[in-house]
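FYI, the numbering for the sequence shown is 11 to 142, going by our numbering. Ideal placement from N, C-alpha and C gives every residue a C-beta, glycine not left out. Each remark here refers to the structure printed beneath this line.
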Amino acid sequence: MSTNASASLTVAELTGLKVANAVTAGGDINIASGLGGPSNLTGTGAVNAGSGNVALSSTGPISFTASAGQVVGNVLTLTALNAVTVNASVVNLAANVTGDGDLTFVNTFTLANSGNLTVDSASNVTTNNGAI
């Protein structure tokens, strides 16, 4: 999946979704899985919005761990029922794991132009029962 300059990309799936590649030239990327019930959202390719924002949501776990910096964007918003594991390079992060599960950044989670992760408030990065 890809779009032209600054165009947004939205994908909504009723059951599990595996993303091969989702790329925009600065437009936002919104990918939701599990609109019909519990499911997984996984990917083996790039999810790259450039300077755009990336939102990944699932009624099950989210896993994008195939390569370093696999998810790229300005703001990364993660919403999942279970565990979230990502390799990402983003400027800002908002995450919420609502069920049992951990929020894990694998190998190379980087905040571009930053160097460390600052959580401004407890509501920005949360889990109900898992570790961060």
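Task: Cross-strand partners of A32 (DSSP beta bridge) - done: Sequence index remark: in the sequence shown, residue 32 carries index 22 (1-based). Paired residues: V57.
TODO: Quick one: using the 10 Å Cβ neighbour count with 16 as the cut-off for buried, is A187 buried or exposed?
DONE: Not covered by the structure: residue 187. The range shown for the chain is 11 to 142.
Task: L91 in three-state terms, based on DSSP - done: Residue mapping note: residue 91 aligns to position 81 of the sequence shown, counting from 1. In this structure, L91 counts as coil in the three-state DSSP scheme.
Open item on the list: Just list the residues that DSSP pairs A65 with in beta bridges.
Closed with: Your numbering for residue 65 matches position 55 in the sequence shown. Per DSSP, N40 and T87.
- [ ] State the DSSP-derived secondary structure class of S77, mapped to helix, strand or coil.
- [x] The count along the sequence shown starts at 1 and reaches residue 77 at position 67. DSSP places S77 in coil when its eight states are reduced to three.
TODO: Measure the beta-carbon distance from T95 to S77 and round it to whole angstroms, keeping in mind my assumption that it falls under 8 angstroms.
DONE: Indexing the sequence shown from 1 puts residue 95 at position 85. Indexing the sequence shown from 1 puts residue 77 at position 67. Actually they are not in contact, since the Cβ atoms of T95 and S77 sit about 13 angstroms apart, beyond 8 angstroms.
Open item on the list: Starting from S99, trace the beta strand (DSSP E) in both directions and tell me its first and last residue.
Closed with: The residue labelled residue 99 in the question sits at position 89 within the sequence shown. Unbroken beta strand (DSSP E) run through S99: A98 to V107.
- [ ] Could you tell me which of D110, A98, T89 and G47 sits nearest to G55, measuring between CA atoms?
- [x] Stepping through the sequence shown from its first residue, residue 55 is reached at position 45. It is A98.
Open item on the list: If you reduce the DSSP assignment to three classes, tell me which class N117 lands in.
Closed with: Counted from its first residue, the sequence shown places residue 117 at position 107. Below a pLDDT of 50, predicted positions are generally treated as unreliable, and N117, at 48, falls in that range; the measurement from the model is reported next regardless. In this structure, N117 counts as coil in the three-state DSSP scheme.
Open item on the list: For P48, which residues in the same chain have their Cβ closer than 6 angstroms to its Cβ, ignoring the five residues on either side in sequence?
Closed with: Working through the sequence shown from its first residue, we reach residue 48 at position 38. Cβ neighbours of P48 beyond the five flanking positions: T69 and G70.
Open item on the list: Quick check: the Cα distance between A32 and G62, rounded to an integer number of angstroms?
Closed with: As a working mapping, residue 32 is identified with position 22 in the sequence shown. As a working mapping, residue 62 is identified with position 52 in the sequence shown. Taking the straight line joining both Cα atoms gives about 12 angstroms.
TODO: Count the other CB atoms, across all protein chains shown, that sit within 10 Å of the CB of L27; report buried if there are 16 or more and exposed otherwise.
DONE: Within the sequence shown, the letter at position 17 stands for residue 27. L27 should be labelled buried.
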